[in-house]
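Residue numbers for the sequence shown, in the numbering used here: 3 to 356. Okay, so here's the structure we're looking at.
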Amino acid sequence: MTAPLKNRDMSRASVEPLARPTVGSPANHPHRLIHGPLHTRAKKSLRVMKFGGTSVADASCITKVAHIVRDSLRESSIIVVVSAMSEVTSKLVEAAAQSESGNSGRVATIFEELRERHASVASALVRSAQKRQRLCRKMHALVQTAGVLCEDVLLRGALTLRARDSITALGERLAVLLVAAALAEQEVASEAIETTELIVTDACHGAAEPLMDLTRERCEARLRPLLLQGIVPVVTGFIGATVEGVLTTLGRNSSDYSGTILGAALDADDVTLWTDVDGILTADPKIAPDARSIPQMSYQEACALAEMGAKVLHPKALRPIIQRGIPLMIRNTFAPDRPGTKITASGPRSHTRK
Ligand code: ADP
Ligand code: ASP
Ligand code: MG
Numbered sequence: 003m004t005a006p007l008k009n010r011d012m013s014r015a016s017v018e019p020l021a022r023p024t025v026g027s028p029a030n031h032p033h034r035l036i037h038g039p040l041h042t043r044a045k046k047s048l049r050v051m052k053f054g055g056t057s058v059a060d061a062s063c064i065t066k067v068a069h070i071v072r073d074s075l076r077e078s079s080i081i082v083v084v085s086a087m088s089e090v091t092s093k094l095v096e097a098a099a100q101s102e103s104g105n106s107g108r109v110a111t112i113f114e115e116l117r118e119r120h121a122s123v124a125s126a127l128v129r130s131a132q133k134r135q136r137l138c139r140k141m142h143a144l145v146q147t148a149g150v151l152c153e154d155v156l157l158r159g160a161l162t163l164r165a166r167d168s169i170t171a172l173g174e175r176l177a178v179l180l181v182a183a184a185l186a187e188q189e190v191a192s193e194a195i196e197t198t199e200l201i202v203t204d205a206c207h208g209a210a211e212p213l214m215d216l217t218r219e220r221c222e223a224r225l226r227p228l229l230l231q232g233i234v235p236v237v238t239g240f241i242g243a244t245v246e247g248v249l250t251t252l253g254r255n256s257s258d259y260s261g262t263i264l265g266a267a268l269d270a271d272d273v274t275l276w277t278d279v280d281g282i283l284t285a286d287p288k289i290a291p292d293a294r295s296i297p298q299m300s301y302q303e304a305c306a307l308a309e310m311g312a313k314v315l316h317p318k319a320l321r322p323i324i325q326r327g328i329p330l331m332i333r334n335t336f337a338p339d340r341p342g343t344k345i346t347a348s349g350p351r352s353h354t355r356k
């Protein structure tokens, strides 16, 4: 394994906030929300926190996410990476396939159910009727955009990989709006951002790979100023875009990978994958209920486990961070006081007794 290499620009950590951000939605970016008052203090560390589908499955889960982020902001700057709500991407994959088969009735039902589910979560999360309506309008417009793409597939009777990516990306595009809204309810300043702006990829639709130099440039330009102003970027997992701006996806379950790509791009101090189990366990707890949490692992051990198919960690997720020696944590959104698993270059050996 390559030796870890830390290459931090420490001067950035002490830079004071540049200016007060505008509260409201910038006119030229209709899907961006900037919420709530400021956390203006410059932060010592930068943490990327990725929340998986079960962690944003409903309003009460999303509120837990907002609490975790709010509490962590006392010590660190945070970038939040969000998956689609559980089952949403699978429904979108189905909608794309049913469009190709000409089953317009089923496609309409899927979109109506998705619209209703997200609207009801918005209703439970957002107290102000005006803000709720604004949020629902944004989500409705996104659902309609994906619906139009499906109509086009229905007309042509053919589904390109490019169209499939744009349809399946809807879940994450909706989820970031809900998480940003939940943060606003906790008085945390945040901005929902689509990673089409941040993660530059090749054109391999459905399994796109990041172009890290360009991604790093985009992340520095777009995210660093927000972080310096104490604003939490809430960004989509799963999605990227080519240099030309064509939306791509990184593959199923790839939001873990999105989290570590962003962590590496901004040289974060650590990346945490927040999920529905206490880290990496000795076995899948759905199959072996007695499975125990493994407190520490090496990159090498975790890679081997992910490559064997342990769903808790995407097999590509460690790639971007190994070179930089950035630790990866896996923790339970529903038991945030538990430590979960910490994955580092040396694993348990770094904590041997003297
Ligand atoms: P997320 O939506 O948060 O990305 P996933 O469903 O992709 O979560 O991964 C978490 C799931 O991985 C757990 O609910 C668990 O059933 C499964 N899993 C499989 N193997 C393991 C393992 N060794 N340790 C922990 N979880 C595992
Ligand atoms: N929402 C995407 C999927 O279900 C990505 C992810 O959840 O990691 O595949
Ligand atoms: Mg996952």
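For glycine and all other residues, C-beta sits at the position ideal for the given N, C-alpha and C.
Check	Outcome
Within the region 282-356, ranges of the alpha helix (DSSP H) (whole runs, at least 4 residues)	301-309 and 321-324
Sequence-distant residues of the same chain with beta carbon closer than 7 Å to Ala61, five excluded per side	Val123, Ala126 and Leu127
Inter-residue Cα distance where the pair is Leu275 and Gly208	22 Å
Contact test: Leu293 Cβ vs the ligand ASP heavy atom, cutoff 6 Å	It is Ala, not Leu, that sits at residue 293 in the sequence shown. Flag unset: Cβ of Ala293 not near the ligand ASP.
Span of the beta strand (DSSP E), counted from its first residue to its last, around Pro227	Pro227 -> not in any beta strand (DSSP E); alpha helix (DSSP H) instead, spanning Met214 to Leu230.
Reduced DSSP category for Leu172 - H, G, I as helix; E, B as strand; rest coil	helix
Helix, strand or coil at Gly242 according to DSSP, with G and I counted as helix	strand
Rounded straight-line distance, which links the Cα of Ile112 to that of Lys93	7 Å
The ligand MG heavy atom lying under 6 Å from the CB of Asn1	Residue 1 lies beyond the stretch modelled for the chain, which goes from 3 to 356, so this question has no answer here.
Test item: CB-CB of Ile81 and Pro329 under 7 Å	no
Three-pair Cβ contact test at 8 Å for the region 177-190 versus the region 145-153	no
Distance between Pro317 and Gln302 (C-alpha atoms, nearest Å)	12 Å
Outcome for Pro322 when other beta-carbon atoms lying within 10 angstroms are tallied against a minimum of 16	buried
Rounded separation between Arg158 and Glu102 - CA only	8 Å
Chain-order list of residues whose beta-carbon lies under 6 Å from that of Ala121 (same chain, five-residue window excluded)	Cys138
Ala191 - DSSP class collapsed to helix/strand/coil	coil
Val84 beta carbon less than 7 Å from that of Val181	yes
Buried or exposed (CB count within 10 angstroms, at least 16 for buried), Arg43	Here Arg43 scores only 48 on pLDDT, less than 50, and its place in the model should not be relied on; the value that follows carries that caveat. The residue is exposed, with fewer than 16 neighbouring Cβ atoms inside 10 Å.
Those residues which DSSP pairs with Arg80 across a bridge	The identity of residue 80 in the sequence shown is Ile, whereas the question assumes Arg. DSSP lists Arg49 as partners of Ile80.
Distance CB(Glu50)-CB(Ala270) smaller than 7 Å	It should be noted that the sequence gives Val, not Glu, for residue 50. Yes, Cβ-Cβ distance for Val50 and Ala270 is below 7 Å.
Bounding residues of the alpha helix (DSSP H) (the contiguous stretch that carries Asp73)	Ala61 to Ser74
Same chain, Cβ closer than 7 Å to Asn116, neighbours up to 5 away in sequence not counted	Correcting the residue type first, residue 116 is Leu in the shown sequence and not Asn. The residues are Val90, Lys93 and Val145.
Integer-rounded CB distance, given that Ala210 should sit under 8 Å from Thr250	4 Å
8 Å CB neighbourhood of Asp278 in its chain, flanking five on each side removed	Gly54, Thr56, Ser57, Asn334, Thr335 and Phe336
Pair within 7 Å by beta-carbon distance, Ser79 and Leu229	yes
Alpha-carbon spacing of Arg254 relative to Ile241, whole angstroms	10 Å
Cβ-based burial, Pro212 [other Cβ within 10 Å; buried from 16]	buried
Supposed close pair Thr238, Met299 - CB separation, criterion 8 Å	Between Met299 and Thr238 the Cβ distance is about 28 Å, and since that is not below 8 Å, they are no contact.
Nearest-residue set for the ligand ADP, Cβ under 6 Å from any heavy atom	Gly54, Gly55, Thr56, Ser57, Ser85, Asn255, Thr277, Asp278, Val279, Ile282, Leu283, Ala285, Asp286, Pro287, Lys288, Ala312, Lys313 and Val314
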